[in-house]
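Data block below; observations after.
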Amino acid sequence: MDYKKSKTETTAVTRQVDLFYQNTGNIYESVSILSKRANQVSLELKEELNKKIAEFASASDNLEEVFENREQIEIAKYYEKLPKPTLLAVHEFLGDQIYYRNPRKDSTSDF
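The sequence shown: position 15 = 82 (this note's numbering), numbered continuously.
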(Lines of atoms letter the chains of each structure in order from A and count residues from 1; the text may use other names and numbers.)
(Lines give C-alpha, C1' and ligand atoms only; values in the text may rest on other atoms or scores of the structure.)
Protein backbone atom coordinates (compact mmCIF):
# COMPACT_ATOMS: atom_id res chain seq x y z
CA MET A 1 0.00 0.00 0.00
CA ASP A 2 1.18 3.50 -0.74
CA TYR A 3 1.15 5.13 2.67
CA LYS A 4 2.11 8.50 1.25
CA LYS A 5 -1.24 8.81 -0.52
CA SER A 6 -3.33 7.55 2.38
CA LYS A 7 -6.23 9.81 3.34
CA THR A 8 -5.89 9.30 7.08
CA GLU A 9 -5.49 11.76 9.91
CA THR A 10 -2.00 12.76 10.98
CA THR A 11 -3.02 13.25 14.61
CA ALA A 12 -4.97 11.10 17.04
CA VAL A 13 -8.75 11.60 17.02
CA THR A 14 -11.52 10.33 19.26
CA ARG A 15 -13.18 7.19 17.92
CA GLN A 16 -16.23 5.19 18.93
CA VAL A 17 -15.22 2.05 20.80
CA ASP A 18 -18.03 -0.07 19.37
CA LEU A 19 -16.54 0.30 15.87
CA PHE A 20 -13.45 -1.61 16.96
CA TYR A 21 -15.16 -4.76 18.16
CA GLN A 22 -17.93 -4.74 15.60
CA ASN A 23 -16.11 -7.16 13.27
CA THR A 24 -14.23 -9.30 15.79
CA GLY A 25 -16.65 -9.29 18.71
CA ASN A 26 -13.76 -8.71 21.10
CA ILE A 27 -12.03 -5.38 21.74
CA TYR A 28 -8.81 -7.10 22.84
CA GLU A 29 -8.62 -9.11 19.64
CA SER A 30 -9.10 -5.90 17.66
CA VAL A 31 -6.30 -4.17 19.57
CA SER A 32 -4.04 -7.16 18.93
CA ILE A 33 -4.79 -7.00 15.20
CA LEU A 34 -4.12 -3.26 15.17
CA SER A 35 -0.80 -3.62 16.97
CA LYS A 36 0.42 -6.34 14.62
CA ARG A 37 -0.58 -4.33 11.56
CA ALA A 38 1.05 -1.17 12.95
CA ASN A 39 4.30 -3.13 13.42
CA GLN A 40 4.12 -4.34 9.80
CA VAL A 41 3.55 -0.81 8.52
CA SER A 42 6.36 0.54 10.69
CA LEU A 43 8.83 -2.03 9.36
CA GLU A 44 7.86 -1.32 5.76
CA LEU A 45 8.30 2.42 6.21
CA LYS A 46 11.60 1.96 8.01
CA GLU A 47 13.00 -0.25 5.24
CA GLU A 48 11.89 2.21 2.59
CA LEU A 49 13.42 5.14 4.48
CA ASN A 50 16.72 3.32 5.00
CA LYS A 51 16.93 2.46 1.28
CA LYS A 52 16.36 6.07 0.27
CA ILE A 53 18.83 7.45 2.80
CA ALA A 54 21.46 4.88 1.78
CA GLU A 55 21.38 6.22 -1.77
CA PHE A 56 22.80 9.54 -0.55
CA ALA A 57 25.26 8.19 2.02
CA SER A 58 28.88 9.03 1.38
CA ALA A 59 31.48 6.31 1.68
CA SER A 60 34.18 8.57 3.15
CA ASP A 61 32.62 9.52 6.48
CA ASN A 62 34.93 9.65 9.46
CA LEU A 63 34.61 10.92 13.01
CA GLU A 64 36.60 14.10 12.43
CA GLU A 65 34.69 15.21 9.38
CA VAL A 66 30.94 14.84 9.81
CA PHE A 67 28.80 17.00 7.61
CA GLU A 68 25.09 17.20 6.96
CA ASN A 69 23.74 15.68 3.81
CA ARG A 70 20.89 17.93 2.70
CA GLU A 71 19.09 15.20 0.72
CA GLN A 72 19.03 12.84 3.70
CA ILE A 73 17.61 15.57 5.93
CA GLU A 74 14.83 16.38 3.45
CA ILE A 75 13.90 12.70 3.09
CA ALA A 76 13.81 12.26 6.88
CA LYS A 77 11.60 15.35 7.28
CA TYR A 78 9.21 14.01 4.66
CA TYR A 79 8.86 10.68 6.46
CA GLU A 80 8.35 12.44 9.81
CA LYS A 81 5.31 14.23 8.37
CA LEU A 82 3.62 10.99 7.27
CA PRO A 83 0.84 9.59 9.48
CA LYS A 84 2.07 7.31 12.25
CA PRO A 85 1.80 3.54 11.70
CA THR A 86 -0.85 3.16 14.40
CA LEU A 87 -3.08 5.73 12.71
CA LEU A 88 -2.62 3.98 9.37
CA ALA A 89 -3.51 0.64 10.97
CA VAL A 90 -6.67 2.08 12.56
CA HIS A 91 -7.68 3.62 9.23
CA GLU A 92 -7.20 0.29 7.44
CA PHE A 93 -9.02 -1.67 10.16
CA LEU A 94 -12.05 0.59 10.23
CA GLY A 95 -12.14 0.60 6.43
CA ASP A 96 -12.12 -3.24 6.32
CA GLN A 97 -8.81 -3.26 4.45
CA ILE A 98 -7.05 -5.70 6.79
CA TYR A 99 -7.38 -9.45 6.37
CA TYR A 100 -7.18 -11.31 9.66
CA ARG A 101 -8.23 -14.66 11.01
CA ASN A 102 -8.25 -16.43 14.35
CA PRO A 103 -7.17 -20.08 14.01
CA ARG A 104 -8.92 -20.98 17.28
CA LYS A 105 -12.25 -19.73 15.99
CA ASP A 106 -11.73 -21.32 12.57
CA SER A 107 -11.07 -24.84 13.86
CA THR A 108 -14.09 -27.12 14.08
CA SER A 109 -12.48 -29.92 16.05
CA ASP A 110 -12.72 -30.10 19.83
CA PHE A 111 -9.61 -30.73 21.88
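Ideal Cβ positions, reconstructed from N, Cα and C, are used throughout, including at glycine. Computed from a predicted structure; not experimentally measured.
Proximity below 9 Å, CB of residue i to CB of residue j
i: Leu112; j: Ala143; result: no
i: Lys148; j: Thr77; result: yes
i: Ser97; j: Phe160; result: yes
i: Asn136; j: Ala124; result: yes
i: Pro150; j: Thr75; result: yes
Proximity to residue i [Cα-Cα], best of the options
i: Asp104; options: Thr81, Asp163 and Thr153; result: The question names Asp, but residue 104 is Arg in the sequence shown. Nearest C-alpha to Arg104: Thr153.
i: Tyr166; options: Pro150, Arg82, Asn90 and Glu122; result: Asn90
Classification of residue i by the beta-carbon crowding that lies within 10 angstroms, buried from 16 upward
i: Ser102; result: exposed
i: Glu100; result: Correcting the residue type first, residue 100 is Ile in the shown sequence and not Glu. When all chains shown are included, Ile100 counts as buried.
i: Val108; result: buried
Endpoints, the alpha helix (DSSP H) within which residue i is located
i: Val34; result: Missing from the structure shown is residue 34; the chain here goes from 68 to 178 and no further.
i: Glu122; result: Ile94 to Glu122
i: Gln139; result: Arg137 to Lys148
i: Lys172; result: Pro170 to Asp173
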